[in-house]
Structure formats: structure tokens, C-alpha cells
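Visitor: Here the numbering used here is used: position 87 in the sequence shown is 96, and no number is missing along the way.
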Amino acid sequence: MKRAYHLLLAGEHPGAFGVARQMQREKLTSTIVSASTVIRGARKYGKEIGKPIRCLRGKPAKRLTHDTKAKRLAFSHESKRTNWSRVMFTDGKKFNFSYPGAKVKPVDPDLNPIENLWGLVASKVDAMGCKSFEDFKQAIRGELSSVRKEVLKKLVDSMPKRLGAVIELEGDKTKY
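Here it is in C-alpha cells:
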């Protein structure tokens, strides 16, 4: 599956299934093989030549537009001196909260630590396997009330690093 390996790395064909179609067009296979077969063959070949690859499933993450990157970069530069312990973080998709003089409204997940809190709570609630909406609401309330203050402080204290990462990546997505 040398060809599958190189086609996947070239990225000219949409995913493993696109590579399978291309290999059939090139008469390397008599039928369109499954995406799993393409991935398995490419991984095996990569190991054989000492250049293993990792294949991710699902749709690729959307890339940020130039305009969005510019806005994120501007926000990061403008907010470097903000005292983040005095900012109320909200999730604009869930709450519409505003107050006089509020200028800081980070809406990108990696610039809003509340997103990390929701992720933490969601994973714990999902693991509970709630059977009803009432169970679900109680689970969320319980998990939110059990979050330690140290966790919240750590999220808030991460803001300067988040801003620095956005600046370093010229407005692109960060690990946060």
C-alpha cells in the first residue's frame, strides 16, 4: 500500500475513501476498497519504511478565516494587561450577560475558559448516563457545584498564556 501512503500524505483526495477511489482509477485495485483497508495498508507501509503515520477519522476541523485570525490577534494584543480575576466569563451561546462597561467578550473556545469548564462538566455528566431530563439537570447542577475553586482559578489564570499563544500563532487556533 505504498501508493495509499503517498496519496494520503499528499492530501489531494478527500480522505481514505477518496484515496481508495483514486487507487481503483489507477487500476491498483479491482474495486474500491474500504477506507479501513486503505488506512491499514498505509500504516503498515509507514512502519516498514520507518515513517509511521497517524490517520484521524472524521471531518477535519474548520480552519480560521484570515478575518477571524485578525480579530483574535487584535483581541489578544488589546487584552494583555487585563486583570482576568475581575472578568466574568460567560458562554454567549447559552447566556446573554452584559453589564455597563463590559468590553471583554472573548467568544472563541480557546479564548474563553468557560468552554473548558463546560467540557469538564459535560464529560462527567455523560459518564453518568442520565435517564431523564430531570436527572440530566440535577447532574449538571451537582457537577457545577462540585467544581473546586482551584480549578476555576487555574482556568482564569490561564488567560495570559492563552493570549500569548494566540499572538505567537498570529491569531490561529491554540491547544486550549
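From the three backbone atoms N, C-alpha and C, an ideal C-beta is built for every residue, glycine too. Model, not experiment: these values are computed from the prediction.
Counting along the chain, where does the alpha helix (DSSP H) carrying ALA13 start and finish?
Guide: Element bounds for ALA13: 11-19.
Visitor: Suppose you measure from the CA of GLY173 to the CA of LEU161; what does that come to, to the nearest Å?
Guide: Straight-line Cα distance between these residues: approximately 20 Å.
Visitor: Going by beta carbon distance, what residues of the same chain come within less than 6 Å of HIS15, once the five residues before and after it are set aside?
Guide: Closer than 6 Å at the Cβ level, and outside the excluded window around HIS15, lies no residue.
Visitor: Applying the 10 Å Cβ sphere with the 16-neighbour rule, what's the burial state of MET188?
Guide: Missing from the structure shown is residue 188; the chain here goes from 10 to 185 and no further.
Visitor: What is the rounded straight-line gap between the Cα of ARG150 and the Cα of SER88?
Guide: Using only the alpha carbons, I get a separation of about 31 Å.
Visitor: According to DSSP, is MET32 part of a helix, a strand, or is it coil?
Guide: MET32: helix per DSSP, three-state reduction.
Visitor: Name the two residues that bound the continuous alpha helix (DSSP H) containing GLU9.
Guide: Only positions 10 to 185 of the chain appear in this structure, which leaves residue 9 out of reach.
Visitor: Quick check on the burial criterion: 16 or more other C-beta atoms within 10 angstroms. Buried or exposed for ALA25?
Guide: Classification for ALA25: buried.
Visitor: Taking all protein chains shown into account, decide if ALA29 is buried (16 or more other Cβ within 10 angstroms of its Cβ) or exposed.
Guide: It is buried - the Cβ of ALA29 has at least 16 other Cβ atoms within 10 Å.
Visitor: Give me the Cα-Cα distance between ILE123 and MET168, rounded to the nearest whole angstrom.
Guide: Cα to Cα, the separation comes out at about 11 Å.
Visitor: Out of ARG49, ASP117, GLY27 and THR183, which has the shortest C-alpha to C-alpha gap to PRO61?
Guide: When only C-alpha atoms are compared, the closest one is ARG49.
Visitor: Excluding sequence positions up to five away, which residues of its chain have a Cβ less than 8 Å from the Cβ of LYS184?
Guide: Same-chain partners within the cutoff: ASP119 and ALA174.
Visitor: Output yes if chain D places a C-beta closer than 7 Å to the C-beta of GLY128; else output no.
Guide: This model lacks chain D altogether; it includes just one protein chain.
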